[in-house]
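Chemist:
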Ligand SMILES: Cc1cc2nc3c(=O)[nH]c(=O)nc-3n(C[C@H](O)[C@H](O)[C@H](O)COP(=O)(O)OP(=O)(O)OC[C@H]3O[C@@H](n4cnc5c(N)ncnc54)[C@H](O)[C@@H]3O)c2cc1C
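In my numbering, the protein residues as written are 12 to 410.
1. For the alpha helix (DSSP H) containing residue 264, name the first residue and the last one.
2. Under a Cβ-count criterion, where at least 16 other Cβ atoms within 10 Å of its own Cβ denotes burial, should residue 63 be classed as buried or exposed?
3. Using DSSP with H/G/I as helix, E/B as strand and the rest coil, what is residue 189?
4. Just to confirm my understanding: we take residue 79, look at its own chain, exclude 5 residues before and 5 after, and list those with CB closer than 8 Å. What are they?
5. Could you pull out every residue in the same chain whose Cβ sits closer than 8 Å to the Cβ of residue 348, ignoring the five residues on either side in sequence?
6. Straight-line CA distance for residue 187 to residue 235?
7. Using a Cβ-Cβ cutoff of less than 8 Å, which residues in the same chain neighbour residue 284 once the five nearest sequence positions on both sides are dropped?
8. Out of 279, 359 and 233, which one is the CA nearest neighbour of residue 369?
9. Ligand 1 and residue 99: does any heavy atom of the ligand fall closer than 7 Å to the residue's C-beta?
10. Just reading off the alpha helix (DSSP H) that residue 333 is part of, what are its end residues?
11. Buried or exposed: which applies to residue 298, given that a residue is buried once 16 or more other Cβ atoms fall within 10 Å of its Cβ?
12. Check whether the Cβ atoms of residue 41 and residue 14 sit closer than 8 Å, and answer yes or no.
13. Start and end of the beta strand (DSSP E) containing residue 326?
14. Any heavy atom of ligand 1 closer than 7 Å to the Cβ of residue 42?
15. Could you check what DSSP says for residue 72 in three-state terms: helix, strand or coil?
16. Could you pull the start and end residues of the beta strand (DSSP E) that residue 94 belongs to?
17. Note down the Cα distance separating residue 384 from residue 207, rounded to an integer number of angstroms.
18. Is it buried or exposed, residue 84, if we count other Cβ atoms within 10 angstroms and call 16 or more buried?
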């Protein structure tokens with residue numbers, strides 16, 4: 012029997028599997044996708060997430076895989092420049108974009124060096140096995156049954172483990188979707204990687220140079236009920252009409268490189284309980300995060316550290332089911348304050364953006380008053396970023 016079955020090899024599952032097998036705990040990690048390149052995966056790591064990777068001893072992996080630092084953040088509203096903030100904003104390292112597929116592959120390759128690790132890829136977890144009202148393992152899509160002392164659901168925002176365990180997700184009202192584009196980068200971004208947030212008329216998008224060489228990422232915000240036929244839209248013209256002239260020129264001259272976008276549904280929420288007897292949820296499965304200011308991977312990696320701190324001593328001591336189940340509530344209690352606060356800050360930031368996007372009068376006033384209020388707006392934005400970048404509670408790997 013596996014000591015721990017982990018469902019889903021995103022950043023939460025892959026990092027947790029590696030931490031546990033390195034400490035002598037037998038883990039079976041199950042990933043539905045056949046490879047890591049098919050699913051959309053965010054790239055932004057904040058100083059808190061980079062610190063978590065360092066604590067896990069994974070900083071050297073980062074040096075070997077495609078990554079790119081951000082140099083600054085700039086805001087342009089109604090065609091007028093609002094403010095700019097330089098990285099690293101008082102932190103010890105800048106926000107860094109990291110290509111997730113090679114990061115996940117490298118973590119799994121390291122885990123495979125340990126005899127207690129098994130990776131099952133390309134098969135979904137379909138259900139949970141129960142013995143005497145306690146989760147005792149999982150059933151896979153190919154009919155296999157795998158028993159475990161503990162099942163950890165790290166299968167993301169639509170978690171099957173969460174649903175099968177009967178754990179409720181309280182969702183925040185859904186109002187936006189994101190259209191995610193990639194296109195050829197301009198040399199200007201390669202030299203100075205600014206994360207631009209651009210709001211013009213009632214449209215908004217963000218653009219930056221991703222981790223991959225020569226690729227810009229563009230996230231277009233749309234109302235969840237927007238029925239525009241986005242596949243037919245002439246995007247280069249749309250982007251150009253909202254952008255400063257140098258950027259507009261780039262969109263027009265590189266229109267042919269704009270890849271068909273992926274529509275990403277933004278699910279945000281929190282489970283009142285992250286656990287049931289024999290099962291624990293972590294990362295997006297327990298608290299799906301919005302993309303605003305790249306929080307999800309960072310808080311997920313910090314979940315992993317806290318879970319390892321609690322679980323490793325129990326598994327080393329061959330603790331019984333009661334002791335293991337008691338630790339699950341302590342893991343949630345330690346992580347929940349940071350998640351609640353991070354989601355609150357994301358809501359505030361998104362609400363400000365949406366207010367500006369939807370209200371022409373506020374946009375107009377902001378543009379007129381920009382020279383007078385620029386400094387104050389910049390300060391209030393910076394204040395909120397501190398917690399979102401550095402983390403809200405203390406998280407130290409102790410095992
Ligand atoms: C548009 C967008 C942009 C984002 N950008 C960023 C960003 O830049 N930085 C950041 O920190 N966060 C970002 N986020 C949030 C971030 O993507 C998530 O918070 C983060 O990926 C959570 O990691 P996870 O491992 O918990 O879940 P996931 O990354 O969703 O991984 C879950 C894994 O489980 C697998 N899986 C699912 N179901 C099953 C099953 N039944 N059986 C087996 N395997 C299964 C999936 O294939 C997947 O590999 C973004 C989110 C969105 C929507």
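The beta carbon of each residue, even a glycine, is placed where N, CA and C say it ideally should be.
Since this is a predicted model, take the numbers as computed values, not measurements.
Modeler: In terms of the structure at hand:
1. 256-264
2. buried
3. strand
4. 107, 108, 204, 220, 221 and 222
5. 403 and 404
6. 5 Å
7. 178, 179 and 343
8. 233
9. no
10. 332-369
11. buried
12. no
13. First-last for residue 326: 307-327, but that is the alpha helix (DSSP H), not the beta strand (DSSP E).
14. yes
15. helix
16. 91-97
17. 19 Å
18. buried
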